[in-house]
Amino acid sequence: MSVKATQSYRRALRAYELGRLRSAFEKALAVTLLLALLGWLTTGAASLRWLPLALGVWVLAHWVGQSFQRGAFYGLLGGVVTQCLPMSILRPCCDMNAMPGADCCTMPGACLLAGAGVGVALAAVVPFGRASWWQTAAGMAAGLTSVAVLKCATLFTGEAIGLVAGLVGGLLLASAARSRLASATS
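For the sequence shown, this note's numbering assigns the number 11 to the initial residue and increments by one for each residue that follows.
In structure tokens form, the structure reads like this:
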């Protein structure tokens, strides 16, 4: 292969990848705008500061594609569930009137438990037995996180970390256990 052909190949490959990235950005922008609307309606304007993270996750999901993208959309559906979690679950020691304020108690453990419950439930849809199950689980964790951070905008840092860690940890641990069980029985 000549040097000229190699340079042409590199230019073509770069143009191809840039085209894929542009297409991924456009698709991710549509998903992120819907997430912005959901976050604004359920959590308020404070959630909008997390949109760059959500946009980055969705650009990556659309650019990688395949199993990772499919998992991200499953995670998106699970993330919508986290948006519907009432604050009384995430802050059980607070009076209803004090929950939105900063003078309320914090309960990272409750957030961790709620997140783990949703994560374990989502693990039921990760397709095991395929070589791509880790990609699907990672995509699901990324998609879930992109929505869960919008809910965490009104929580304290410890609660937010607890919710996201519970979601991702519950999902990955339950997926791994399910895969192990399936491989042990076959």
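Here a beta-carbon is modelled for each residue, glycine too, at the ideal position from N, C-alpha and C.
Taking the Cα positions, residue 94 is about 17 Å away from residue 172.
Using a C-beta cut-off of 8 Å, the stretch 62 to 74 makes contact with the stretch 19 to 38, since at least three inter-stretch Cβ pairs fall below that distance. For residue 156 and residue 125, the gap between their C-alpha atoms comes out near 14 Å. Using a 10 angstroms sphere on the CB of residue 84, the tally of other CB atoms reaches 16 or more, which defines it as buried. Sequence-distant Cβ neighbours of residue 82 in its own chain, meaning closer than 6 Å and more than five residues away, are 71, 149, 152, 153. In the three-state DSSP reduction, residue 134 falls in the coil class, being neither helix nor strand. Of all alpha-carbon atoms in 142, 145, 92, the one lying nearest the alpha-carbon of residue 177 is that of 92.
Residue 48 and residue 159 have their C-alpha atoms spaced approximately 12 Å apart. Residue 65: member of the alpha helix (DSSP H) spanning 61 to 74, first to last residue.
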